[in-house]
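See structure below.
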Amino acid sequence: MSLPYQKKLIPQAKALRKEMTPQECHLWYDFLKNYPIRFQRQKTIGRCIVDFYCHAAKLAVELDGSQHYKDIHQHNRDTERTLYLNAMSVEIMRFPNACIDRDFAAVCNMIDKRVKEKTRL
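Here our numbering is used: the first residue of the sequence shown is 348, the next is one more, and so on.
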């Protein structure tokens, strides 16, 4: 079953695909793009756009810059988004950009493990 989305967010999602951060590019091109189970980039779900989404696992992967950890308002928005998406049975995995830079293999392993658990691969 497909998830609801707001059509007005589609142009923004398309623009975000063209303006990915270096960490998003690294995760996409070096892992998720060719992952055996399909992931989508900048996927609209309800009133949100998530960085990466795997429908088969109902799993969203979010990469967060330092502002997500320094700004209390951003942290509160992230918490609200997580609760909103969880209510639609979408699990969120969040990784700081620094984790992509410092330990890319570990991030990939965590995503792979969770997808396999959720899809029973």
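Ideal Cβ positions, reconstructed from N, Cα and C, are used throughout, including at glycine.
For a cut-off of 8 Å, the C-beta gap from N444 to T368 is around 7 Å, short enough to register as a contact.
Under DSSP, no beta-bridge partner is assigned to C455. Distance between K354 and H373, taken at the CA atoms: about 28 Å. For the pair N423 and L430, the Cα-to-Cα distance works out to about 11 Å. The alpha carbon of I357 has as its nearest neighbour, out of H402, V437, R388, M435, the alpha carbon of R388. For D459 and L406, the gap between their C-alpha atoms comes out near 11 Å. Listed as beta-bridge partners of T466 by DSSP are no residues whatsoever. Proximity to A362 across Y382, Y376, D398, F378 peaks at D398, based on C-alpha coordinates. As far as DSSP is concerned, A360 takes part in no beta bridge.
The alpha-carbon separation between I439 and E409 amounts to approximately 7 Å.
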